[in-house]
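*Asks:* Protein sequence lines, in the order shown, are assigned to chains A and B.
Be aware that the first sequence starts at 5, since it is given in the numbering used here, and climbs by one per residue.
Be aware that the second sequence starts at 5, since it is given in the numbering used here, and climbs by one per residue.
Where a beta carbon is used, it is the ideal one built from N, C-alpha and C, also for glycine.
Just passing along the structure, written as structure tokens.
Protein chains: 2
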Amino acid sequence: MASSSKAVVLLSGGLDSSTVCAVAASKGREVHALTIDYNQRNLWEINAAKEVARVNRVAEHLIFPIDLRLFGGSALTDSSVELARDVPLDEIGKTIPASYVPARNTIFLSLALGFAETRGASEIWIGVNQLDYSGYPDCRPEYIDAFVKTARLATKMGVEGADIKIETPLLYLTKAEIIKLGTSLGVDYSLTRTCYDLDDQGRACGRCESCLLRKRGFEEAGVPDPTPYR
Amino acid sequence: MASSSKAVVLLSGGLDSSTVCAVAASKGREVHALTIDYNQRNLWEINAAKEVARVNRVAEHLIFPIDLRLFGGSALTDSSVELARDVPLDEIGKTIPASYVPARNTIFLSLALGFAETRGASEIWIGVNQLDYSGYPDCRPEYIDAFVKTARLATKMGVEGADIKIETPLLYLTKAEIIKLGTSLGVDYSLTRTCYDLDDQGRACGRCESCLLRKRGFEEAGVPDPTPYR
Numbered sequence: 005m006a007s008s009s010k011a012v013v014l015l016s017g018g019l020d021s022s023t024v025c026a027v028a029a030s031k032g033r034e035v036h037a038l039t040i041d042y043n044q045r046n047l048w049e050i051n052a053a054k055e056v057a058r059v060n061r062v063a064e065h066l067i068f069p070i071d072l073r074l075f076g077g078s079a080l081t082d083s084s085v086e087l088a089r090d091v092p093l094d095e096i097g098k099t100i101p102a103s104y105v106p107a108r109n110t111i112f113l114s115l116a117l118g119f120a121e122t123r124g125a126s127e128i129w130i131g132v133n134q135l136d137y138s139g140y141p142d143c144r145p146e147y148i149d150a151f152v153k154t155a156r157l158a159t160k161m162g163v164e165g166a167d168i169k170i171e172t173p174l175l176y177l178t179k180a181e182i183i184k185l186g187t188s189l190g191v192d193y194s195l196t197r198t199c200y201d202l203d204d205q206g207r208a209c210g211r212c213e214s215c216l217l218r219k220r221g222f223e224e225a226g227v228p229d230p231t232p233y234r
Numbered sequence: 005m006a007s008s009s010k011a012v013v014l015l016s017g018g019l020d021s022s023t024v025c026a027v028a029a030s031k032g033r034e035v036h037a038l039t040i041d042y043n044q045r046n047l048w049e050i051n052a053a054k055e056v057a058r059v060n061r062v063a064e065h066l067i068f069p070i071d072l073r074l075f076g077g078s079a080l081t082d083s084s085v086e087l088a089r090d091v092p093l094d095e096i097g098k099t100i101p102a103s104y105v106p107a108r109n110t111i112f113l114s115l116a117l118g119f120a121e122t123r124g125a126s127e128i129w130i131g132v133n134q135l136d137y138s139g140y141p142d143c144r145p146e147y148i149d150a151f152v153k154t155a156r157l158a159t160k161m162g163v164e165g166a167d168i169k170i171e172t173p174l175l176y177l178t179k180a181e182i183i184k185l186g187t188s189l190g191v192d193y194s195l196t197r198t199c200y201d202l203d204d205q206g207r208a209c210g211r212c213e214s215c216l217l218r219k220r221g222f223e224e225a226g227v228p229d230p231t232p233y234r
């Protein structure tokens with residue numbers, strides 16, 4: 005039977021998911037962390053995820069490889085697609101950016117659902133965010149609600165009455181609020197990586213949308229930014 | 005922009021999905037076949053899928069590896085889980101069998117959705133079946149409807165107004181009706197594989213649920229069963 009004390013946490017190793025992992029651990033969940041290694045450009049994220057999992061003393065950390073380059077179609081999985089740079093902050097979120105990966109969160113939540121069911125967990129935690137969501141359709145609350153309905157119909161545990169939940173503690177927080185929340189829980193953001201274009205020493209570019217949102221978040225939170233920039 | 009003439013077909017190489025591939029091709033679709041190689045016990049299915057794709061002259065056939073053994077929890081992905089044998093036919097479908105793979109169709113449809121979006125296709129074809137569905141929750145029409153709603157919210161093409169559809173031409177057919185349909189379209193069922201426990205020469209066991217349903221289907225259809233049994 006699925007247990008509400010067990011939770012799968014989708015942990016990319018970025019700022020948001022690392023905060024979510026700390027929140028789930030602080031709520032007493034037995035955390036089964038799942039990192040999807042989808043051959044994104046940012047391989048440093050995987051190392052960051054391992055560190056975050058270790059620090060949060062998760063019950064299990066599974067790194068699941070899946071080669072989304074076979075599909076292509078995104079700046080994160082296809083080197084022929086250009087990432088946007090130096091976009092004005094007030095333009096971010098108005099259109100779907102080149103970093104959009106087709107159906108990414110649906111693929112990730114589906115894998116998390118399969119993983120959860122084998123572990124007897126009925127909760128999946130994910131760091132989606134509506135306010136700073138950078139224009140991704142699969143970070144909206146109506147999308148999450150639809151996925152939960154699908155998950156309840158899709159699974160043996162759902163048919164048997166498990167209360168499948170997707171926990172999105174960051175959904176309505178600004179990046180600054182996320183950073184304050186994580187800081188209050190002791191998250192070491194120097195471990196996390198967010199940049200879409202880290203160099204081979206794990207240093208951030210400071211110019212992609214992800215960097216721009218992260219930088220502004222630290223400024224607005226009044227927390228020193230520990231990110232190594234090149 | 006997504007095109008309704010392009011379709012992703014989930015092609016396992018089994019009887020059902022091979023029939024679906026033939027139906028999509030017969031309706032004039034430009035077929036982008038997607039075979040998920042999930043390290044199931046039945047590796048012969050992959051070879052069957054290649055043959056079926058070739059015969060149907062698909063535009064593209066992508067074999068996508070994903071190691072669901074990392075999750076385990078099913079007789080198809082975990083050698084410690086026993087398959088049921090010689091189950092009375094009227095018992096099949098009353099409970100969810102050991103061959104259930106947690107969240108399998110959600111994972112497969114999510115991957116198909118990502119693939120479809122990169123190819124500009126708004127249709128996904130899948131061989132789910134309600135009548136002979138063997139007790140899998142993710143073969144029911146209400147599940148498919150929920151997934152479509154999720155897909156429309158999940159994707160850039162959905163946000164931009166593409167009419168995302170999941171085509172399930174076998175949903176209400178019996179196995180015998182599926183075999184008659186495929187036979188009328190020239191499907192060569194000797195190419196297809198269905199058994200959960202093929203031997204190393206690709207011969208079927210004749211005793212697992214999948215074999216029992218397939219055998220009965222040929223009998224009821226009055227079509228000679230070309231399946232090689234051991």
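1. Distance cutoff 8 Å, beta carbons only. Does Val62(B) sit that close to anything in chain A?
2. Which residues of chain A have a Cβ atom closer than 7 Å to the Cβ of Lys31(B), listed in chain order?
3. Name the chain A residues whose beta carbon is nearer than 9 Å to that of Gly131(B)?
4. Nearest by alpha-carbon distance to Lys31(A): which of Val13(A), Thr159(A), Glu164(A), Cys215(A) is it?
5. Decide if the segment 221-230 of chain B is in contact with the segment 48-55 of chain B; the criterion is three or more beta carbon pairs, one per stretch, under 8 Å apart.
6. Exposed or buried, which one is Ser288(A) when buried takes at least 16 other CB atoms within 10 Å?
7. Using a Cβ-Cβ cut-off of 6 Å (strictly less than) and excluding sequence neighbours within five positions of Gly139(B), which residues of its own chain qualify?
8. Jot down the residue ranges of each uninterrupted alpha helix (DSSP H) in the segment 30-63 of chain B, minimum 4 residues, whole runs only, in chain order.
9. Find the nearest neighbour of Tyr176(B) within the set Val163(B), Gly186(B), Gln134(B), judged by alpha-carbon distance.
10. Would you say Val24(B) touches the ligand SAM, meaning its beta carbon is less than 7 Å from a heavy atom?
11. Hey, how far is the Cα of Ile70(A) from the Cα of Tyr104(A)?
12. Counting only beta-carbon separations shorter than 8 Å, does Phe68(A) have a partner in chain B?
13. Decide if the segment 194-214 of chain B is in contact with the segment 161-169 of chain B; the criterion is three or more beta carbon pairs, one per stretch, under 8 Å apart.
14. What is the rounded straight-line gap between the Cα of Ser114(B) and the Cα of Leu115(A)?
15. Return the residues of the segment 178-190 of chain B that lie within a Cβ-Cβ distance of less than 7 Å from chain A, sorted by chain order.
16. Using a cut-off of 7 Å between C-beta atoms, extract the partners of Ser114(A) located in chain B.
17. Any beta carbon of chain A sitting closer than 8 Å to that of Ile100(B)?
18. Which word fits Ser83(A), buried or exposed, when buried means at least 16 other C-beta atoms lie within 10 angstroms of its C-beta?
19. Below 8 Å, how does it come out for the segment 34-42 of chain A and the segment 53-72 of chain A: are there three or more Cβ pairs, yes or no?
20. Looking at C-alpha atoms only, which residue of Leu216(A), Tyr193(A), Asp192(A), Val191(A) is the closest neighbour of Ile201(A)?
21. Is the Cβ of Thr159(A) closer than 8 Å to any Cβ of chain B?
22. If you follow the beta strand (DSSP E) that Ala125(B) is part of, which residue opens it and which one closes it?
23. Give me the chain A residues within the contact set of Tyr147(B), using Cβ-Cβ distance strictly less than 9 Å, ordered along the chain.
24. Measuring CA to CA, which of Glu34(B), Gly221(B), Lys169(B), Ala63(B) is closest to Gly186(B)?
25. Pro141(B) versus chain A: which residues are under 8 Å apart at the beta carbon?
26. Quick check: what's the CA-CA separation for Tyr281(B) versus Ser194(B)?
27. Below 8 Å on the Cβ atoms is my contact criterion, and I expect Pro141(B) with Thr23(A) to pass it. Report the Cβ-Cβ distance as a whole number of Å.
28. When you check each C-beta in the segment 211-226 of chain A against every C-beta of chain B, which residues fall closer than 7 Å?
29. For the beta strand (DSSP E) that contains Ile170(A), what are its first and last residues?
30. Tell me which residue opens and which closes the alpha helix (DSSP H) that Arg144(B) is part of.
31. Look at the Cβ atom of Pro145(A), then the Cβ atom of Val27(A), and state whether they are nearer than 8 Å.
32. Among residues of its own chain, excluding the 5 on either side of Gly76(B), which ones have a beta-carbon nearer than 7 Å to its beta-carbon?
33. Using a Cβ cut-off of 8 Å (strictly closer), state whether Tyr233(B) contacts chain A.
34. Run down chain B in chain order and give the residues with a C-beta less than 7 Å from the C-beta of Glu171(A).
35. Just reading off the alpha helix (DSSP H) that Gly186(A) is part of, what are its end residues?
36. Which value, in whole angstroms, describes the spacing of the CA atoms of Arg33(A) and Cys25(A)?
*Replies:* So, to answer that:
1. no
2. Going along chain A, no residue has its Cβ under 7 Å from Lys31(B), so there is no contact; the nearest lies around 24 Å.
3. The contacting residues do not exist; Gly131(B) stays about 17 Å from chain A at best.
4. Val13(A)
5. no
6. There is simply no residue 288(A) to check, as chain A begins at 5 and stops at 234 in what is shown.
7. Gly97, Thr99, Ile100, Pro101
8. 48-59
9. Gln134(B)
10. You won't find the ligand SAM in this model; it holds no ligand whatsoever.
11. 17 Å
12. yes
13. no
14. 9 Å
15. none
16. Ala107, Thr110, Ile111, Ser114
17. yes
18. exposed
19. yes
20. Note that residue 201(A) is Asp in the sequence shown here, rather than Ile. Here the closest residue by C-alpha is Leu216(A).
21. yes
22. 125-129
23. Thr154, Leu157, Ala158
24. Gly221(B)
25. Leu157, Ala158, Thr159, Lys160, Gly162, Val163
26. Chain B is shown from 5 up to 234; residue 281(B) falls before or after that span and cannot be answered.
27. Contact doesn't hold; Cβ gap of about 33 Å is too wide.
28. none
29. 169-171
30. No alpha helix (DSSP H) contains Arg144(B), which DSSP labels as neither H nor E.
31. no
32. Asp82
33. no
34. Within 7 Å Cβ-Cβ: nothing; Glu171(A) doesn't reach chain B, min ~18 Å.
35. 179-188
36. 10 Å
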